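Accompanying notes for the structure given below.
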Amino acid sequence: MVTYVGIPALDGNTWPLRWYSEPTTTAPYVDAGALLATLAA
Numbered sequence: 046m047v048t049y050v051g052i053p054a055l056d057g058n059t060w061p062l063r064w065y066s067e068p069t070t071t072a073p074y075v076d077a078g079a080l081l082a083t084l085a086a
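Under the working numbering, think of the first position of the sequence shown as 46, with each following residue one higher.
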């Protein structure tokens, strides 16, 4: 099985992708553990 998770650019036209919660300086990256748990569910 192949899975693709699209990640939008920080700016510019990335339709249909968009940030639900934009990265900030205090939380700049995806929580890998949360992503893995979601994909494994």
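Virtual Cβ for every residue (Gly too), placed ideally from N, Cα, C.
These numbers come from a predicted model, not from an experiment.
Enclosing alpha helix (DSSP H) for residue i [first to last residue]
{"i": "A77", "result": "A77 to A85"}
Residues of its chain near residue i, where Cβ-Cβ distance is below 7 Å and the 5 sequence neighbours each way are ignored
{"i": "W64", "result": "P53"}
Close Cβ partners of residue i (< 6 Å) along its chain, the five nearest in sequence each way excluded
{"i": "P68", "result": "none"}
{"i": "P61", "result": "none"}
For residue i, the nearest candidate out of the options (CA to CA)
{"i": "P73", "options": "L84, L55 and T83", "result": "L55"}
Neighbourhood of residue i by C-beta, 8 Å cutoff - its chain only, sequence neighbours within 5 removed
{"i": "T48", "result": "L84"}
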